[in-house]
Amino acid sequence: MRYDVILIGGGLSSLVCGITLQKAGKRCLMVSAGQNALHFSSGTFGLLGKLPNGKEVSEPIAAIHKLGASHPYSKIGGGKIMEYAKATPQFFADCGIELKGNRNSNMYRLTPSGTLMPCWLALKETTVFPSRKERLRGRMLIVNFAGYLDFNTDFLAEGLEKMGVSVSRIADVKLPDVEHLRQNPTEMRSVNIARVMDREENWKQFAKEVADLLQGEEYVVIPEVFGLADPMVCEWLREMIPAEILFAGTMPPSVPGIRMQMLLKRAFVYAGGTFLMGDEVLASEVSEGRARSVRTANLGAIDVEADHFVLASGHFFAKGLLSTPKAVLEPVFGLDVSYPADRNSWYDIDFFAKQNYLGFGVETDQDFHPFKDGSPVGNLYVIGAELGGCNSLFEGSGAGVAIMTAFRAAEIIMNE
Amino acid sequence: MQQRNISFNNFEQCIKCTICTVYCPVVSVNPAFPGPKQAGPDGERLRLKNKFFFDENLKFCMNCKRCEVACPSGVKIADLIHSARRNYDKQFPELRDVVLANTDLMGKFARPVAPLVNSLISTKPAKVVMDVMLDIDRNRAFPKYQSRGFRGWFKKEARAAQDCYRNQLAYFHGCSTEYQHPEVGKAFVQVMNAVGWGVRLLKEKCCGVAMISNGLWSQVARNANHNIAEFRKAVSRGLPIVATASTCTLTMRDEYPHILGIDNADVRDHITLVEKFLFEKLDAGEIRLVFKNDYRARIVYHIPCHMEKLGWSIFTEELIRMIPGVSLTVLDSGCCGIAGTYGFKKENYASSQAIGKSVFDQINALSPDFVCCECETCKWQIEMSTAYKVFNPIVILAEALDLEATAAANQPR
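Quick mapping for you: the protein sequence lines, in order, are chains X and Z.
Each residue of the first sequence is one higher than the one before, counting from 1 in our numbering.
Each residue of the second sequence is one higher than the one before, counting from 417 in our numbering.
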């Protein structure tokens, strides 16, 4: 069995790379061991929110030259990043995902705990502010579903009041179909509510209840659990509710993230790509500096070969990296990973401090070819969260690194 | 500290991410179902403490396995749910469920009077009677029983010729091939013979998937033990066991050990699906396929849930794409809503059609010549709910192949 490209991992980076390659006529196979981090997405993409020294960035592309040489952006180069940044909104629009934002400057998204974080592009429906100094004037109503614990209204109220608004009330809405979910408290989660809210009678009822609750407030905050099947629902809510709606993100799973994942996967499959969901690469063969084949759990003893391999299997959480008491390993190909020998320096006991282990990753050359036992693997590319050279959580660059390295690897493969 | 899992179904690995729920087709249409996370790993913690925590509503799980395919942590959620039903549900199944689950027995009864049964069950009064008496939904279209089954055809028309092939395999045809769709079995024999393989039949019993769904636990264990014993005999004679139905294959490979606790480790890897079997032989250069020059078709491929779980849709895709003159679009995978006997039940009919809507909409939007699918119950559902015909991949291959030229190309040199 032979493909032009085998992509390992099924998240943002793999899908962007796979869709680009498949549309360019390459036969692609994507293997994904279960679903991925898009299910935890904020509904926004970060390109660069902070420099490694902690200084906040307002113009991310212009700040790239300040990053170290081992950073994935530095390997791609500012010119290419600009080119890919220009292409990004159209790429997503072609997959049915509408993005907003100005590629040259950061915006600010509202986090589920009521703080503002820099972001680069956002889904059309997601609430963002042009600057950290944004002021909201007037009164605000915060609405939650009774019994929904993944939406912290007190934190949101505290955060939003710092922006100048006065939160007049926090109110609960009870709808029969949502109340039903409360029978099993562990299923009272964003996605369960979202699936109930996909039904027309339910979102209409919700809009009516919110409209009835309003007592002349200028703003209303509601959890981002609408439009899983059809984001137009968000627009219709705006029409039916006589106040400016701020959709606020919930704790995971993320409804906009799930929708993004579904649309990207569909784009890949419709373009002719083969997607193996729920399968796992168990063995790989690398010889003479080239990856040759992989074997998967479901396909058994079949060697699946390809001209190129893309490894996008994520970071520790996705098991793209594994750690033992002494070492950090990349389990699929056994690639070289950069990390300090002194285990005590891997982490900071202050949970909220910058954690070094989040910056560990696979070492690569300028073209994202990794090394195995010190020698480069010429037809293998490592992209996305699996890469070393950056601490994406700290920098707010996770989606940016995923997208930019995906475009870069795809371009190199297409030019070969 | 406990360092390793102690359960075979991995439930300790659940991190409560709720991704399973996103892909559960039932939870969005049936509020009575507690959802895969609660019904599976969350509920298991409680049930292990006290069986009192068993929830009757676990019966609403269709066992489509999409939760397991989506789980990033490898938790066998549907196995947990159905093992719990087997261990804790002491209710005896109602008559309707026994009738629906016995696909094999019903076929045997219906066959001698097939034309009568077919015309009777498609009449409105009979549908109303079944609806009222048995809670089988009156809107459901029934598959047609055939007067002459696959085995009868095989015995009369094909068996004698099988000895002349140098390679031999055992064919597990399943209930739908025997009673409703003998054309699938005929196509299988034609294609296998053309590539130089002779076909043997087993003394098979229904794989029992519908008995698992309907809680006929002792009956399904008898069938499973019978089939496994037959497979052992076949394997000892060097015969691979090849099936044409994805659900039978998954059930016999994975549900027997995971849900019924029946050890099949010695034969499991010998049980395969025809698409995988053919692809592997082609890939190894052991067989050749010669297609007709003038075959043309625009095909969409609906991946049945159990094919998705097997992870073998790739073989069907590869085989169908080999046919010159075919354009193949793979549907964005989703459940068609029938789930074997599930959609036949009155209480599930509306859910069933709501679940399948995304699949039907995609098919209608793509307006293909026909749909390709390995599962016969998906076929019934899609044919009832769209204007398109559905064919098993082996039927498509038999049609697209130049069988004589293929036979000539596979002659021993």
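Here a beta-carbon is modelled for each residue, glycine too, at the ideal position from N, C-alpha and C.
Since we're looking at a predicted model, the values are computed, not measured.
Query                                                                                                                                   : Result
Positions along the stretch 220-254 of chain X whose CB lies within less than 8 Å of some CB in chain Z                                 : 252 and 253
Beta carbon proximity, residue 27 of chain X to chain Z, threshold 7 Å                                                                  : no
Beta carbon of residue 491 of chain Z nearer than 7 Å to that of residue 430 of chain Z                                                 : yes
Touching by the beta-carbon criterion (3+ pairs, under 8 Å), the stretch 214-231 of chain X and the stretch 461-470 of chain Z          : no
Whether residue 390 of chain Z touches residue 659 of chain Z by CB criterion (7 Å)                                                     : Residue 390 of chain Z lies beyond the residue range present for chain Z, which begins at 417 and ends at 829; the question has no answer from this structure.
Between the CA atoms of residue 19 of chain X and residue 733 of chain Z - distance to the nearest angstrom                             : 18 Å
From X:138, X:405 and X:195, residue whose alpha carbon lies closest to that of residue 367 of chain X                                  : X:405
Segment limits, beta strand (DSSP E) that includes residue 803 of chain Z                                                               : Residue 803 of chain Z -> no beta strand (DSSP E), and no H or E assigned at all.
Among X:48, X:41, X:112 and X:177, nearest to residue 118 of chain X - alpha-carbon criterion                                           : X:48
Neighbour flag for residue 444 of chain Z against chain X, beta carbons, 7 Å                                                            : yes
Residue 509 of chain Z vs residue 630 of chain Z beta-carbon contact at 7 Å                                                             : yes
Cutoff 7 Å: residue 702 of chain Z Cβ touching any chain X Cβ                                                                           : no
Neighbour flag for residue 451 of chain Z against chain X, beta carbons, 7 Å                                                            : yes
Chain Z residues whose Cβ lies nearer than 7 Å to that of residue 405 of chain X                                                        : The premise fails here: residue 405 of chain X is roughly 21 Å from chain Z at the closest Cβ pair, so nothing lies under 7 Å.
Contact with chain Z by residue 315 of chain X, beta-carbon distance below 7 Å                                                          : no
Chain-ordered chain X contacts of residue 726 of chain Z [CB-CB under 7 Å]                                                              : 298
Bridge partners - residue 99 of chain X, DSSP secondary structure assignment                                                            : X:123
Beta carbon proximity, residue 650 of chain Z to chain X, threshold 7 Å                                                                 : no
Neighbourhood of residue 499 of chain Z by C-beta distance below 8 Å, restricted to the same chain and skipping five residues each side : 425, 674 and 675
Same chain, Cβ closer than 6 Å to residue 611 of chain Z, five either side skipped, listed in chain order                               : 703 and 826
Proximity test, Cβ basis, 7 Å: residue 202 of chain X and chain Z                                                                       : no
Closest by C-alpha distance to residue 708 of chain Z, when choosing among Z:678, Z:742 and Z:694                                       : Z:742
Beta carbon proximity, residue 422 of chain Z to chain X, threshold 7 Å                                                                 : no
Coarse secondary structure for residue 242 of chain X, derived from DSSP in three states                                                : coil
Under 8 Å by beta carbon: chain X residues contacting residue 486 of chain Z                                                            : 34, 35, 277 and 278
Cutoff 7 Å: residue 740 of chain Z Cβ touching any chain X Cβ                                                                           : no
Residues within the stretch 514-535 of chain Z neighbouring chain X, beta-carbon criterion of under 9 Å                                 : none
Straight-line gap, residue 515 of chain Z to residue 798 of chain Z (C-alpha atoms, nearest Å)                                          : 23 Å
Same chain, Cβ closer than 6 Å to residue 623 of chain Z, neighbours up to 5 away in sequence not counted                               : 664, 667 and 668
Contact set between residue 84 of chain X and chain B, taken where Cβ atoms lie within less than 7 Å                                    : The structure shown contains no chain B; its protein chains are X and Z.
Counted within 10 angstroms of its Cβ, other Cβ atoms place residue 576 of chain Z as buried (16 or more) or exposed                    : exposed
C-beta atoms of residue 26 of chain X and residue 57 of chain X nearer than 7 Å                                                         : no
Chain Z within 7 Å of residue 16 of chain X, Cβ atoms only                                                                              : no
Residue 338 of chain X versus residue 392 of chain X - alpha carbon distance                                                            : 15 Å
Whole-number beta carbon distance between residue 814 of chain Z and residue 526 of chain Z, since they are thought to touch under 8 Å  : Going by Cβ atoms, the distance from residue 526 of chain Z to residue 814 of chain Z rounds to 26 Å, so no, they are not a contact pair.
Inter-residue spacing [alpha-carbon to alpha-carbon] between residue 628 of chain Z and residue 803 of chain Z                          : 31 Å
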